[in-house]
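Protein chains: 2
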Amino acid sequence: MRRPLSPSDRRILRVLQGDGRITNAALAEKVGLAASPCLRRLKALEEDGVIEGYRAVVNRKALGFEVEAFVFIKLEQSEPGWRTRLVDRLKGYDEVIACHALAGEVDLIVHAVARDLDSFGEFTMNRLLTLPGVADVRSSFVLSAIKPLTPIPVPEHD
Amino acid sequence: MRRPLSPSDRRILRVLQGDGRITNAALAEKVGLAASPCLRRLKALEEDGVIEGYRAVVNRKALGFEVEAFVFIKLEQSEPGWRTRLVDRLKGYDEVIACHALAGEVDLIVHAVARDLDSFGEFTMNRLLTLPGVADVRSSFVLSAIKPLTPIPVPEHD
DNA sequence: AGTGAAATGACCATAAT
DNA sequence: ATTATGGTCATTTCACT
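Chains as they are written, first to last, in our numbering: chain A, 32 to 189; chain B, 32 to 189.
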């Protein structure tokens with residue numbers, strides 16, 4: 032079991048989701064703690080897996096990825112082993128920046144990036160449609176990021 | 032236009048997507064630079080908007096959000112003004128951790144979290160379905176995060 | 001390379017259980 | 001007493017010029 036989050040923990044999480052690279056000293060000042068206890072709490076949050084990591088958010092277009100899309104995949108009913116292998120292959124593709132298994136019509140939702148339409152076409156045609164166990168693939172291009180991955184709100188209480 | 036990314040820049044981006052909180056000294060060592068030029072490049076990448084920010088990745092369940100879902104929204108054809116207001120309302124909801132406008136069948140894809148089924152129901156019934164201009168809403172719960180938001184691959188060359 | 005700031009660990013204080 | 005909180009100080013390491 033995990034210990035409950037203190038009000039200080041919650042403040043730390045709020046600040047750190049907005050600026051993951053803030054110095055511990057500045058963080059401590061923002062949340063109203065001295066540096067030392069602030070750092071102790073931060074380490075504990077990492078240790079407990081509340082904070083899973085820190086990540087620089089990089090502009091995909093600056094890396095030359097002009098195309099962003101969601102791909103909706105339906106699977107054929109098949110033995111569990113096949114499903115595992117399919118999912119492992121999917122995870123291995125660089126184009127896949129996120130993938131979730133869903134309950135409902137669609138079985139898998141893939142968030143993908145590609146350099147251009149051609150390479151996205153190559154990806155779907157040669158590397159998605161050919162996966163054994165895939166029944167249906169349809170792609171929708173992203174027109175705009177209305178709310179591009181924001182912090183998870185940190186409730187006041189548990 | 033933006034200046035092209037040097038091999039050092041690319042290495043910096045790779046490391047920082049994996050650990051956004053690494054110290055400049057350690058980063059410099061990893062990418063094979065002295066601390067000073069490494070810091071200059073880092074600042075330039077931030078300045079140029081290649082790095083958009085830094086963010087702690089927080090475990091949603093640790094915050095008490097047991098439910099994660101994708102919501103697929105179809106819109107009625109309507110005047111542009113309505114659409115803007117709808118999107119602004121959508122952005123304002125805490126449950127919405129990401130939202131993208133799509134080309135195709137579905138107009139909007141919403142990535143949402145909620146404390147439990149009840150509060151997710153309240154969210155969709157009272158705050159999504161009632162938005163003026165919404166024609167259809169369907170939700171799929173996330174069963175598992177097969178690949179939970181990974182770094183964008185940094186190509187060797189432009 | 002040098003200086004001011006930050007990180008980090010050892011140790012202490014207070015309060016609630 | 002124990003657990004959880006936060007603080008102070010001294011030392012090492014880092015950021016930045």
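All residues carry an ideal CB built from backbone N, CA and C; glycine is no exception. Note that the coordinates shown come from a computational prediction; the quantities given were computed from them, not determined experimentally.
>> Residues in the same chain with beta-carbon distance under 7 Å from ALA59 of chain B, minus the five sequence neighbours each way, listed in chain order, please.
In response: ALA65, ALA66, CYS69
> What separation, rounded to the nearest whole angstrom, lies between the Cα atoms of ALA87 of chain B and ALA93 of chain B?
Replying inline: Taking the CA atoms as reference points, ALA87 of chain B sits about 14 Å from ALA93 of chain B.
>> On a Cα-Cα basis, can you pick out the residue from A:GLU78, A:MET156, A:PRO111 that is closest to GLY164 of chain A?
In response: A:PRO111
>> Here's the rule: buried if 16 or more other CB atoms are within 10 angstroms of the residue's CB, otherwise exposed. What is LEU160 of chain A?
In response: Counting C-beta atoms within 10 angstroms of its own C-beta, LEU160 of chain A has fewer than 16 neighbours from the protein chains shown and is therefore classed as exposed.
> In chain A, which residues lie less than 9 Å from ALA176 of chain B when you measure between Cβ atoms?
Replying inline: ALA129, CYS130, HIS131, ALA132
>> Short of 7 Å in beta carbon distance, which residues of its chain neighbour PHE96 of chain A, apart from the five on each side in sequence? Order them along the chain.
In response: VAL144, ALA145, ARG146
>> Tell me the residue span of the alpha helix (DSSP H) that contains ALA66 of chain B.
In response: 66-78
> Under the three-state reduction of DSSP, which class applies to PHE151 of chain B: helix, strand or coil?
Replying inline: helix
> Hey, VAL173 of chain A and LEU133 of chain B: beta-carbon distance below 8 Å or not?
Replying inline: At the C-beta level, VAL173 of chain A and LEU133 of chain B come within 8 Å of one another.
> What's the gap between the Cα of GLY49 of chain B and the Cα of PRO182 of chain B?
Replying inline: 7 Å
>> Suppose you measure from the CA of SER109 of chain B to the CA of THR115 of chain B; what does that come to, to the nearest Å?
In response: Answer to the nearest angstrom: the Cα atoms are 11 Å apart.
> Do you know whose CA, among B:ALA176, B:GLY63, B:VAL185, lies nearest GLU99 of chain B's CA?
Replying inline: B:ALA176
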